[in-house]
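In the numbering used here, the protein residues as written are 31 to 125. These notes are about the structure you will find just below.
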């Protein structure tokens, strides 16, 4: 006797569709090489922040080990990461 299989609908989540609406982030990590001044100046150059905002990011990186310093489209994050890496800052893009 043949076994009947019930009608089922399989839902497959499209990973690319999920990532489209997800903002990308540039994460800056702490190191023992760069001074606060170097980090602040490079952040100002990379993301256009004020010295005060740059200091806040640098302090967070120093005390917590990392900080999200930029959020936006992947292309913009890639550009920001490139500027930060000009002085060998350790960064990562998350999405």
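The beta-carbon is built from N, C-alpha and C at its ideal position, and this holds for glycine as well.
Per the DSSP secondary-structure output, residue 121 pairs in a beta bridge with 58.
For residue 92, the number of other beta carbons within 10 angstroms of its own is below 16, and it is reported as exposed.
DSSP links residue 96 through a beta bridge to 59.
In this structure, the alpha-carbon of residue 54 lies about 26 Å from that of residue 63. Within the same chain, and ignoring the five residues on either side of residue 104 in sequence, the residues whose Cβ sits closer than 8 Å to its Cβ are 54, 123 and 125.
Taking the CA atoms as reference points, residue 116 sits about 18 Å from residue 96. In the DSSP assignment, residue 79 falls outside any alpha helix (DSSP H) and carries neither an H nor an E.
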